Each structure stands twice: as C-alpha cells, then as structure tokens.
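Everything on this sheet refers to the single structure shown next.
Protein chains: 2
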Amino acid sequence: MRYSHKLSDAVHILAYIEIYHDDDLSSTAIAESVESNPGLVRRLMAALRTAGLLATQRGTATPEVTRDPTDISLLDIYRAVETDDNLLHVDDKTNPQCIVGGNIQETLREAYASVQAAAESQMAAITLASLIADIWQRERQKTQS
Amino acid sequence: MRYSHKLSDAVHILAYIEIYHDDDLSSTAIAESVESNPGLVRRLMAALRTAGLLATQRGTATPEVTRDPTDISLLDIYRAVETDDNLLHVDDKTNPQCIVGGNIQETLREAYASVQAAAESQMAAITLASLIADIWQRERQKTQS
DNA sequence: ATTAGTTGTTACTTTAAAGATAACACCTAA
DNA sequence: TTAGGTGTTATCTTTAAAGTAACAACTAAT
Numbered sequence: 001m002r003y004s005h006k007l008s009d010a011v012h013i014l015a016y017i018e019i020y021h022d023d024d025l026s027s028t029a030i031a032e033s034v035e036s037n038p039g040l041v042r043r044l045m046a047a048l049r050t051a052g053l054l055a056t057q058r059g060t061a062t063p064e065v066t067r068d069p070t071d072i073s074l075l076d077i078y079r080a081v082e083t084d085d086n087l088l089h090v091d092d093k094t095n096p097q098c099i100v101g102g103n104i105q106e107t108l109r110e111a112y113a114s115v116q117a118a119a120e121s122q123m124a125a126i127t128l129a130s131l132i133a134d135i136w137q138r139e140r141q142k143t144q145s
Numbered sequence: 146m147r148y149s150h151k152l153s154d155a156v157h158i159l160a161y162i163e164i165y166h167d168d169d170l171s172s173t174a175i176a177e178s179v180e181s182n183p184g185l186v187r188r189l190m191a192a193l194r195t196a197g198l199l200a201t202q203r204g205t206a207t208p209e210v211t212r213d214p215t216d217i218s219l220l221d222i223y224r225a226v227e228t229d230d231n232l233l234h235v236d237d238k239t240n241p242q243c244i245v246g247g248n249i250q251e252t253l254r255e256a257y258a259s260v261q262a263a264a265e266s267q268m269a270a271i272t273l274a275s276l277i278a279d280i281w282q283r284e285r286q287k288t289q290s
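This is the structure in structure tokens:
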C-alpha cells in the first residue's frame, strides 16, 4: 500500500488549530496548509474527536483542542488516527505442520510487541506542545537575518 | 498498500534453514512452510545474501546462514529486506507558505527519528538465536502431554 | 553429453490500504 | 432565506506488496 501520512497530517491539523486559533479554521483552510482536501481533513478531525482530543461544532469552523498540548502525546494522536496500531506485521498464513511455521507466529508476535512497546514509549514522551514549540523555533530561525 | 510481511518471512526462512539444515532446503520446500511461493522466497534470500547474512549456491539447494545466529539481530534482517526502513512517514507535500506547513516536515522528521531509534534499539537486542530458541521451546511445550 | 532439478532474475498480474474526489444531508449565523 | 460550514459516505485512483510465471544459467547424477 501507500505509506500512511495520517499521523503526520493529524499532528499538522492540531498544530494548525493551535497556531492559527484566531484565523480561519475551516477544513478548507486547513486543507490548503496540508496540501490535501477538506474531506480528508474532516475525516481526520472526526477521528481526533472520537479520541477526545478535539471538539468541533457542526456548521461552524470553530474546532478546539480539548486538552492542554502538554498533555497530548504523539502516541495519543497515533492511536486516534491509525486504524492498525502495529508497526510490524506477522505473516499469519504459515504451515502449522512445520516446526517453524507452527510456532513462528507467536514467537514474532512477542518480539514485535517489545519493539512496539519501545516505539510507543518514545511516542508517549513527545508532546503536541513540544512539536508546536519546535515549529515556532524553526520559523524564528528562518526569519532572523 | 498491503502490510509488509517481508521481515516475518525473512526470519522464517533463516530459522527454517537453521532448524532443517539436514533436510530439503530448496526454495520450494521453504515456500511450503511459509505458505508462499518459491519466487518470493528466492527474492528474500537474494536480499539476505546481499546483506551478507546468507550464502547460497546457484543450482544447489544448500543455503547457509553465514554468521552465528547469536550475532544476527532482528535489525540486521529488517534492514536487509525492507526497502524503506522507516516505520513512520512524514507527509512531504505541505504548504511552505504556512508556519505549520513550512516547518512541520523537519519537526516530524526529528520526532520520528527518535521513535525509530527506540524501535531499532529493541530490534538490535533480539537475535536470530533467541527467536529460534523460542520456536523450539514452543514446539516442546506442544508435544509434552 | 544428457537430463532432471535448482537458483537468480525479471516481467506481469492481483490485492489491499491510503488518499483523492465528490456528493449531500444537516447545522449555523448573518 | 441564504451562504457557507460540518459530518458522513460512496466511489475512483494510486501505490507498494505479494502472487504468478517464465527462463537463462548452473549443478549433479546417470
């Protein structure tokens, strides 16, 4: 398949809402920043809303991040928008008659779970606030001659 | 896209070659254990060979794992077979005119790199030897009444 | 030498998940 | 009432992986 940009776009949306909170926050305006389309933006916003990270109102372009950005982790956003949380995938079609085929699925599931845990622990350590701060810092470095 | 099973299948192949070293090691035999096809098996074996993990000989079904399994990590295998090593992917099409769109790519690249590092560090800690040992242990637990 | 079986490689087809696009009911505010 | 927004769903397109097939090149046995 294509590689998923959902996490990247979801972070983008949340950062946009925080940084441009006094401007146009319509899905169309956000889509222009993401260089995508309003439909995709609204679908991602729906996922963020379901996860309790975003509050929206039908008819009005007034989305609001519900929690303090210091209290929203990259992991929260990842889990909100990725339908399949797994970074690695076991081949679940192997020959059970064989010593390898009959046991490797469970063996790998356990191994992959430990890799997943390591990745998620790092994702939990990164907050939306720190990402927004980083965006601002890069912007400042650009504009200073 | 489909989720990749390359890593899982590559581990399968290496474990199979180690466990069944005195039996038929043709790509056809291995493919039956993987429940896949010989072509795929040979393609993965080619990648493992390129990475220096496997030695093969044209015409004869006598593949050999080149290093001690205690010295081959899940990360080695991952890098051997995955064309794109990245677990997370930045959306590289964002509006540079926007504070968010113009900076989020670098911000996320840095964040994702730290997640990647955490995952890879865990992958490096898992050896082919430990995976094979786990397969054997599960097999033993099955057969003991 | 011939033959049967294997590897290495490449080209093509199929599959599945993501993203693009569009449509429309419903809501809000002017 | 109307203009413009959201929420949702359906359909098409794209793309990487996996499936399939073919065949030259190699090996070993007879």
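Quick mapping for you: the protein sequence lines, in order, are chains A and B. Numbers 1 to 145, taken from my numbering, label the letters of the first sequence in order. Numbers 146 to 290, taken from my numbering, label the letters of the second sequence in order. The C-beta atom is built at its ideal place from N, Cα and C for all residues, glycine as well. Since we're looking at a predicted model, the values are computed, not measured.
Tell me the rounded alpha-carbon separation between residue 238 of chain B and residue 42 of chain A. 18 Å
Could you run through the stretch 80-92 of chain A and flag, in chain order, every residue whose CB is less than 9 Å away from some CB of chain B? 84, 86, 87, 88, 89, 90, 91, 92
Check the C-beta distance from residue 260 of chain B over to residue 123 of chain A and give it rounded, since I have them as a contact under 8 Å. 6 Å
Name, please, each residue of chain A whose Cβ falls closer than 9 Å to the Cβ of residue 218 of chain B. Chain A residues near residue 218 of chain B: none, gap ~11 Å exceeds 9 Å.
Just grab the DSSP bridge partners of residue 218 of chain B for me. B:272
For the putative contact between residue 252 of chain B and residue 77 of chain A, defined by C-beta atoms under 8 Å, what is the C-beta separation to the nearest angstrom? Contact doesn't hold; Cβ gap of about 13 Å is too wide.
If you draw a straight line from the alpha carbon of residue 168 of chain B to that of residue 212 of chain B, how long is it in whole angstroms? 20 Å
With a threshold of 8 Å between beta carbons, is residue 167 of chain B in contact with chain A? no
Completely contained alpha helix (DSSP H) runs for the stretch 26-77 of chain A, where each covers 4 or more residues: 27-34, 38-50
Within 10 angstroms of its Cβ, does residue 21 of chain A collect 16 or more other Cβ (buried), or is it exposed? exposed
When the distance is taken between beta carbons, is residue 210 of chain B closer than 8 Å to residue 163 of chain B? yes
Can you say whether residue 236 of chain B is buried or exposed, counting buried as having 16 or more other CB atoms within 10 angstroms of its CB? buried
Closest residue to residue 192 of chain B among B:262, B:227, B:172 (Cα-Cα distance): B:227
Between the Cα of residue 53 of chain A and those of A:33, A:39, A:74, spot the shortest distance and give me the residue it belongs to. A:74
Exposed unless 16 or more other CB atoms sit within 10 angstroms - verdict on residue 154 of chain B: buried
Pick out whichever of A:121, A:87, A:132 has its Cα sitting closest to the Cα of residue 151 of chain B. A:87
Is residue 101 of chain A close to chain B, meaning its C-beta is less than 8 Å from at least one C-beta of that chain? yes
Contact set for residue 96 of chain A: own chain, Cβ-Cβ below 6 Å, skip 5 residues either direction: 102
Kindly indicate the opening and closing residues of the alpha helix (DSSP H) around residue 13 of chain A. 6-19
Determine the chain A residues that contact residue 253 of chain B at a beta-carbon separation under 8 Å, and present them in chain order. 8, 11, 131
I need the DSSP call for residue 261 of chain B, collapsed to helix, strand or coil. helix
Residue 45 of chain A: buried (16+ other C-beta within 10 angstroms of its C-beta) or exposed? buried
On a CA-only basis, which of B:243, B:285, B:158, B:203 is nearest residue 142 of chain A? Give me that one, please. B:243
Chain-order list of residues whose beta-carbon lies under 6 Å from that of residue 120 of chain A (same chain, five-residue window excluded): 75
Is the Cβ of residue 280 of chain B closer than 8 Å to any Cβ of chain A? yes
In chain order, what residues of the same chain lie with their CB nearer than 6 Å to the CB of residue 200 of chain B, ignoring the 5 residues before and after it? 209, 211
CB contact flag (residue 71 of chain A, residue 79 of chain A, <8 Å): no
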